[in-house]
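A.B. asks:
Next up, the structure:
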């Protein structure tokens, strides 16, 4: 079992955290579920794996603090109050807000370099949860770029919904 990562944009943190237990990348949301413009990124976490793509696009070395997310759900005060053995820390959904510079970097990926970045990205990590085939990563790069461009046009940020 892996961790699910859905990237989406929303008008505000409150909107991003609506019904936090529900996945975001759903083709046809069930009645009562929020509908988001989302990408199912299958194993691509925002801090390390997405951070590696951001470093490639910017032409800089990767560092762990390259993508500085803000936890939207659970609220920080609730997260800090959880006991050490809380199941929530292992199984509950978490929503992180990505900074505008990450959105803008993704939105600015040149069309003619998507394949190059996907190839380079595929060579970085051998984590079994990450879809390593360059073809799949090209699809993810393309989808994330499109999501970021739509978020930019609407002056919204990108969020990542994560769950086990």
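Numbering (the UniProt record's numbering), first residue to last: 1 to 164. Glycine included, each C-beta is placed from N, C-alpha and C at the ideal position. Please read these numbers as outputs of a predicted model, since none were measured by experiment.
(1) Sort out for me which residues DSSP pairs residue 166 with in a bridge.
(2) Roughly how many angstroms lie between the CA atoms of residue 11 and residue 153, to the nearest whole one?
(3) With DSSP as the reference, label residue 157 as helix, strand or coil.
(4) Would DSSP call residue 142 helix, strand or coil?
(5) If we require 4 or more residues per run, which alpha helix (DSSP H) segments fall completely within the segment 12-63?
(6) Where does residue 102 sit, in a helix, a strand or coil, going by DSSP?
(7) Could you give the residue range of the alpha helix (DSSP H) that holds residue 124?
(8) Per DSSP, residue 80 forms a beta bridge with which residues?
(9) Assuming residue 25 and residue 47 form a contact by the criterion Cβ under 8 Å, report the distance between their Cβ atoms to the nearest whole angstrom.
(10) Straight-line CA distance for residue 144 to residue 137?
(11) First and last residue of the beta strand (DSSP E) that includes residue 95?
(12) Would you kindly work out how many angstroms separate the C-alpha atoms of residue 51 and residue 146, rounded to a whole number?
(13) If residue 142 and residue 114 are in contact, beta carbons under 8 Å, what's the gap, nearest whole angstrom?
(14) If you draw a straight line from the C-alpha of residue 63 to the C-alpha of residue 13, how long is it?
(15) Measuring only from the beta carbon, is residue 80 closer than 7 Å to any heavy atom that is part of the ligand FAD?
C.D. replies: A quick look at the data gives this:
(1) Outside the shown range of the chain, which is 1 to 164, sits residue 166, and nothing can be said about it.
(2) Here the question's residue 11 lines up with position 11 in the chain shown. Here the question's residue 153 lines up with position 153 in the chain shown. Going from the Cα of residue 11 to the Cα of residue 153 covers about 12 Å.
(3) Residue mapping note: residue 157 aligns to position 157 of the chain shown, counting from 1. In the structure shown, residue 157 sits in a strand (DSSP, three-state: E or B).
(4) The residue you call residue 142 lines up with position 142 of the chain shown. Helix at residue 142.
(5) Counting whole runs of 4 or more residues, the segment 12-63 contains the alpha helix (DSSP H) stretches 13-16, 49-58.
(6) For this step, residue 102 is matched to residue 102 along the chain shown. DSSP places residue 102 in helix when its eight states are reduced to three.
(7) By one-based count along the chain shown, residue 124 stands at place 124. For residue 124, the enclosing alpha helix (DSSP H) begins and ends at 114-124.
(8) Counting from one through the chain shown, the residue named residue 80 turns up at place 80. Paired residue(s): none; residue 80 is not in a bridge.
(9) Start at 1 with the first residue of the chain shown, and residue 25 comes out as number 25. Start at 1 with the first residue of the chain shown, and residue 47 comes out as number 47. Between residue 47 and residue 25 the Cβ distance is about 19 Å, and since that is not below 8 Å, they are no contact.
(10) Residue 144 sits at position 144 when you count from the first residue of the chain shown. Residue 137 sits at position 137 when you count from the first residue of the chain shown. Taking the straight line from one Cα to the other gives about 10 Å.
(11) As a working note, residue 95 is residue 95 in the chain shown. Its beta strand (DSSP E) spans residues 94-97.
(12) Within the chain shown, numbered from 1, the residue matching residue 51 stands at position 51. Within the chain shown, numbered from 1, the residue matching residue 146 stands at position 146. When the Cα atoms are used, residue 51 and residue 146 turn out to be separated by approximately 18 Å.
(13) Within the chain shown, the letter at position 142 stands for residue 142. Within the chain shown, the letter at position 114 stands for residue 114. With a Cβ gap of about 6 Å, residue 142 and residue 114 count as contacting.
(14) Position 63 of the chain shown, counting from 1, holds the residue named residue 63. Position 13 of the chain shown, counting from 1, holds the residue named residue 13. If you take the alpha carbons of residue 63 and residue 13, they lie about 26 Å apart.
(15) What this structure holds is no ligand at all, so the ligand FAD is not there to describe.
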